[in-house]
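J.: In the order they appear, the protein sequences are chains A and B. In the working numbering, each residue carries its 1-based index in the first sequence increased by 330. In the working numbering, each residue carries its 1-based index in the second sequence increased by 165.
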Amino acid sequence: MNTRLRTYEIDEKTRHELHDRVKSLSQVTPLSYDFSFSSLLSSYGILREVGSPNDETARFLFDSTTGKVVPRSSLVGRLVKMKNSYGVEIESTFSKSLEIKAYGVRELLHPDYSFNPDGTVKSLVIFPEAVFKIAALKGIELTIVRDWAINSIFGGFDPQKEYYQTNFWELENNDTILFARLIKNKQLAFLGTHDFIAHVANIRSEPWEKLSQTAQSVEMKIKKIIAEVEVPTIASLILPYTAGVILDDLAQPPSYDSKNHNLVLDTVLESIDRNDVPANYPCTLSKFPKTFEQIILLSRSKMKQDKVIEKAKELVETMVREIKSSLVYEGMEEKIGERLFSRLLRGY
Amino acid sequence: MFQKMMTSALALLSVFIHTDSSNDKQVKNLDLQKVVKLNQETKKSMASSWIELPDACKAKNFNADPIIKDRTVHSKEVLSIFSALS
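(1) Taking 8 Å as the threshold (beta carbon to beta carbon), is B/LYS241 in contact with chain A?
(2) How about A/GLY397: is its C-beta nearer than 8 Å to some C-beta of chain B?
(3) Please tell me whether B/ASN188 has its Cβ less than 8 Å away from any Cβ of chain A.
(4) From A/LYS540 to B/LYS223, what does the alpha carbon distance come to, in whole angstroms?
(5) Can you have a look at A/GLY417 and say buried or exposed, based on whether 16 or more other CB atoms are within 10 angstroms of its CB?
(6) Looking at the structure shown, is A/ALA510 part of a helix, part of a strand, or coil, going by DSSP?
(7) Report the three-state DSSP secondary structure of A/SER394 (helix, strand or coil).
(8) Could you pull out every residue in the same chain whose Cβ sits closer than 6 Å to the Cβ of A/LYS426, ignoring the five residues on either side in sequence?
(9) Nearest to A/ASP505 by CA position, among A/LYS632, A/HIS591 and A/VAL575, is which residue?
(10) Look at A/VAL475 and A/GLN357 and say whether their C-beta atoms are less than 8 Å apart.
(11) Return the Cβ separation of A/ALA290 and A/ILE555 in integer angstroms, given the expectation that the two are a contact with Cβ distance under 8 Å.
(12) Give a yes or no on whether the minimum CB-CB distance between A/LYS554 and chain B is below 8 Å.
(13) Pull out every residue of the segment 419-432 of chain A whose Cβ sits closer than 7 Å to any Cβ of chain E, in chain order.
(14) Any contact between the segment 436-445 of chain A and the segment 339-349 of chain A? By contact I mean 3 or more CB pairs, one from each, below 8 Å.
(15) Determine which residues share a DSSP beta bridge with A/ARG336 and list them.
(16) Answer with buried or exposed for B/LEU244, where buried requires no fewer than 16 other C-beta atoms within 10 angstroms of its C-beta.
(17) Quick one, are the C-beta atoms of A/VAL380 and A/ILE420 less than 8 Å apart?
(18) Looking at chain B, which residues of the segment 576-603 of chain A have a Cβ within less than 8 Å of any of its Cβ atoms?
(19) What does DSSP give as the partner residues of A/PHE445 in its beta bridges?
(20) Per DSSP, which residues does A/LEU428 bridge with? Please list them.
(21) Would you tell me roughly how many angstroms separate the C-alpha atoms of A/ILE533 and A/GLU429, rounded to the nearest one?
(22) Using a Cβ-Cβ cut-off of less than 8 Å, list which residues of the segment 623-657 of chain A approach chain B; keep chain order.
(23) Rounded C-beta distance between A/PHE526 and B/MET211? I'm assuming under 8 Å.
(24) Starting from A/ILE474, follow the alpha helix (DSSP H) in both directions and report where the run begins and ends.
(25) Taking all protein chains shown into account, decide if A/PHE671 is buried (16 or more other Cβ within 10 angstroms of its Cβ) or exposed.
(26) Please name the residue in A/THR395, A/THR544 and A/SER535 whose C-alpha comes closest to that of A/PRO583.
(27) Would you kindly work out how many angstroms separate the C-alpha atoms of A/GLY397 and B/VAL238, rounded to a whole number?
(28) Pull up the DSSP beta-bridge partners for A/ALA519, would you.
(29) Tell me the DSSP secondary structure of A/PRO360 in three-state form.
(30) Determine the chain B residues that contact A/PHE618 at a beta-carbon separation under 7 Å, and present them in chain order.
(31) Three-state secondary structure (DSSP) at A/TYR416?
(32) Quick check on the burial criterion: 16 or more other C-beta atoms within 10 angstroms. Buried or exposed for A/THR473?
(33) Using only the alpha-carbon positions, how far apart do A/SER629 and A/GLN543 sit?
(34) Since A/ILE626 sits in a beta bridge, which residues does DSSP pair it with?
(35) State buried or exposed for A/THR423, treating a residue as buried only when at least 16 other CB atoms are found within 10 Å of its CB.
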């Protein structure tokens, strides 16, 4: 623990106040709206994930002596306060001399508190206000996304549990539209470890013009298919969810400008544009299509582009068939049964 | 007998066509509560196949592997940002 930084404890009252304040925000609010509040919120969001299955920094933290990744269970965190700035400190009980094997993370850490004299990392001291300003240098605005904060930081979701809960929420709430809107506007959420290491670390401004246009296209096409439907069925949200996962990858520095991601995304968007799985099918879906995984892996592959285009078309068509084959039309079976019975009776 | 079987087969076919087209009409007026209920049932029936999906393929996953070493240094601009905090 860095003894030069004061620990800040959130009590239940403060937590309630934070929650109430988040609920009063508009959907997307820049951290600069109120740094004191937003930095506490972002720090708290990161803290809740530290050492958990949802901690995305964990697999990039290595002991500099042994070269081995530190055990996830060794990661502990605390909130810290420096003047009016809130932050979060993450350290490993296993090692006081860490190497962070992800580009751009070091730049986001406070230089006075995070490093040993030999340049290794003793703890990750993150101040969201600083991270906001560093991202702003690249033309990107970090934000609080109200519904995401409510769901992940204050929801019944327990960050210590597996990913399943958060991610399913993202599918059923058609989160891709909101995510696409952020990227279109050159914004990112800053609420947890994923945002920190996957999107902000090593952020660069040049790819964002094209990325913003891609996001606009995603937003527009999904909005079009759900325009006349109050609540789309989950089956119809799988293609948009697929687009969202690919777009999330594209908004991560290691995948900026990835041609294969863009090619696969285009194919998914074409299917959405054709309304291959309409938003208003009255049905339940019995299983999540297996082809989804293959589509995502294809977008991440190093396959040659002409092969990717061909494969993407095949996989997306297969996924649509898979979705439609596992649809159970509500009431269909009973209706056929009744009518068939009565017709057969009349026929004989 | 054959004629009755043909009539039944045609009746069966007409049931499919009629039910399908009547579903199209119903779709536009689908009750909101019904969709919510259908989606809840989907969540339940899809749960096991959803869990089987690797986390790496779901949203909010960092698509990157650990690199060899990062020795990025703070630029002057970034150092000023941190100084202003202190």
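Ideal Cβ placement from N, Cα and C applies to all residues, glycine included.
T.: Considering the structure as presented:
(1) In terms of beta-carbon proximity, B/LYS241 stays away from the interface with chain A, with every pair separated by 8 Å or more.
(2) It does not; no Cβ of chain B falls within 8 Å.
(3) Because B/ASN188 sits at a pLDDT of 45, beneath the cut-off of 50, its placement in the model cannot be relied upon, and the following sentence gives the value as read from the coordinates. It does; some Cβ of chain A falls within 8 Å.
(4) Each residue's alpha carbon lies about 23 Å from the other.
(5) That one is buried.
(6) Looking at A/ALA510 - three-state DSSP - the assignment turns out to be helix.
(7) DSSP places A/SER394 in coil when its eight states are reduced to three.
(8) Its chain contains LYS452 as the residues whose beta carbon lies nearer than 6 Å to that of A/LYS426, once the 5 sequence neighbours on both sides are disregarded; these appear in chain order.
(9) Ranking the options by Cα distance to A/ASP505, first place goes to A/VAL575.
(10) Yes, the Cβ-Cβ distance between A/VAL475 and A/GLN357 is below 8 Å.
(11) As shown, chain A starts at 331 and ends at 678. That puts residue 290 of chain A outside it, with no answer to give.
(12) Among the residues facing chain B, A/LYS554 is not included, as its CB has no counterpart in that chain under 8 Å away.
(13) No chain E appears in this structure, whose protein chains are A and B.
(14) In the pairwise beta carbon analysis, the segment 436-445 of chain A is classified as not touching the segment 339-349 of chain A: fewer than three pairs are separated by under 8 Å.
(15) For A/ARG336, the pairing in a beta bridge is given by DSSP as A/LYS411.
(16) Around the Cβ of B/LEU244, a 10 Å sphere holds fewer than 16 other Cβ atoms; the residue is exposed.
(17) Cβ atoms of A/VAL380 and A/ILE420: closer than 8 Å.
(18) Under the 8 Å Cβ criterion, the segment 576-603 of chain A contributes ASP578, ASP579, GLN582, PRO584 and SER585.
(19) Residue pairing of A/PHE445 in beta bridges, as defined by DSSP: A/VAL451.
(20) Beta bridge pairing from DSSP links A/LEU428 with A/ASP393 and A/VAL451.
(21) Taking the straight line from one Cα to the other gives about 20 Å.
(22) Taking a C-beta cut-off of 8 Å against chain B, the contacting residues of the segment 623-657 of chain A are GLU623, ILE626, LEU627 and ARG630, listed in chain order.
(23) So it is not a contact: roughly 31 Å between Cβ atoms.
(24) Here A/ILE474 belongs to no alpha helix (DSSP H); instead the beta strand (DSSP E) covers 471-475.
(25) Low per-residue confidence applies at A/PHE671: pLDDT is 35, beneath 50, and the placement is therefore not dependable, though the value from the model is reported in the following sentence. A/PHE671 comes out exposed.
(26) Nearest option by C-alpha distance: A/SER535.
(27) When only Cα atoms are considered, A/GLY397 and B/VAL238 end up about 21 Å apart.
(28) In the DSSP assignment, the residues bridged to A/ALA519 are A/THR473.
(29) Strand at A/PRO360.
(30) Around A/PHE618, the beta-carbon contacts reaching into chain B at under 7 Å are MET211, SER214, TRP215 and LEU218.
(31) It is a strand residue.
(32) Counting Cβ neighbours within 10 Å, A/THR473 comes out buried, since at least 16 surround it.
(33) Going from the Cα of A/SER629 to the Cα of A/GLN543 covers about 19 Å.
(34) For A/ILE626, which the question treats as bridged, DSSP gives no partner whatsoever.
(35) Burial call: exposed.
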